[in-house]
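Report on the structure given below.
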Amino acid sequence: MKRWLLIGTVVALCAWPAFSQDGWIVMFDGKTLDGWKANENPESWTVEDGCIVGRGQRSHLFYMKEICEDCEFVAEVMINDGGNSGMYFRAEFGPGWPKGYEAQVNSTHKDWRRTGSLYGFVDIKEQLVPPNTWFTQHIIAKGNHIVIKVNDKVVVDYVDEKNTYRKGYLALQQHDPGSVVRYRNLRMRHLR
0 MKRWLLIGTV VALCAWPAFS QDGWIVMFDG KTLDGWKANE NPESWTVEDG
50 CIVGRGQRSH LFYMKEICED CEFVAEVMIN DGGNSGMYFR AEFGPGWPKG
100 YEAQVNSTHK DWRRTGSLYG FVDIKEQLVP PNTWFTQHII AKGNHIVIKV
150 NDKVVVDYVD EKNTYRKGYL ALQQHDPGSV VRYRNLRMRH LR
């Protein structure tokens, strides 16, 4: 992405780097799905108004440029009323529901597991954010210790004694035809 920067009285055209100073990798350029690949139903994913939008048939959109072993994954998210989505990490690419961890995105869907849940491991029943509202979900996975934050509040702090998923891709979920989800400002960084 190119931006004009005013430096003193000199104007310079600069391309923002994909890496920030603190190791964060910008995963989405706001215009294209470059670096992303759907496991099925690619038509369920579009780019609109600087967001990755999921709507339509079930699909998972994988970020193919990086593998997550020990990593952080952050996004701003908005889900419609009755919608369901998720942010997968350490996930295996393939058809159907991915094998990997899922941080749930769900304010009012019939599935009672709400936003912030580490799906099937630590399930949150209360609504943390209303539908049609932007919020930030932040995942930290280091070894078998997983932390999920919603709007900077820790909602999951879990140690998976089985270390079920150790390494894999990051992915976004489009759950069903009634769901419409928007993602923006997607970033990840490796933890050492």
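Going by numbering that gives the first Met the number 0, the residue at position 98 of the sequence shown is 97; the numbering climbs one at a time, nothing skipped. By construction, the Cβ of each residue, glycine as well, lies at the ideal position given by its N, Cα and C atoms.
- Per DSSP, the unbroken beta strand (DSSP E) holding residue 187 starts and ends at 179-189.
- Counting only the Cα atoms, residue 97 lies some 19 Å from residue 82.
- Between residue 171 and residue 43, the CB-CB gap reaches or exceeds 8 Å.
- The three-state reading of DSSP puts residue 43 in helix, counting H, G and I together.
- DSSP, reduced to helix, strand and coil, places residue 63 within a strand of the structure shown.
- Residue state for residue 125 is assigned as coil, using DSSP reduced to three classes.
- Taking every protein chain shown into account, the CB of residue 126 has fewer than 16 other CB atoms within 10 angstroms, so this residue is exposed.
- A Cβ-Cβ distance of about 6 Å is found for the pair residue 134 and residue 149, placing them in contact under the 8 Å criterion.
- In the DSSP assignment, residue 56 falls outside any beta strand (DSSP E), carrying neither H nor E.
- Per DSSP, the continuous beta strand (DSSP E) segment holding residue 35 begins and ends at 35-37.
- Annotated as proximal: residue 30 and residue 46, with beta-carbon spacing under 8 Å.
- In this structure, DSSP gives residue 156 an extended state, which the three-state scheme calls strand.
- Judged by DSSP secondary structure, residue 84 falls within the beta strand (DSSP E) whose first and last residues are 84-90.
- Judged by DSSP secondary structure, residue 118 falls outside any beta strand (DSSP E); it is assigned neither H nor E.
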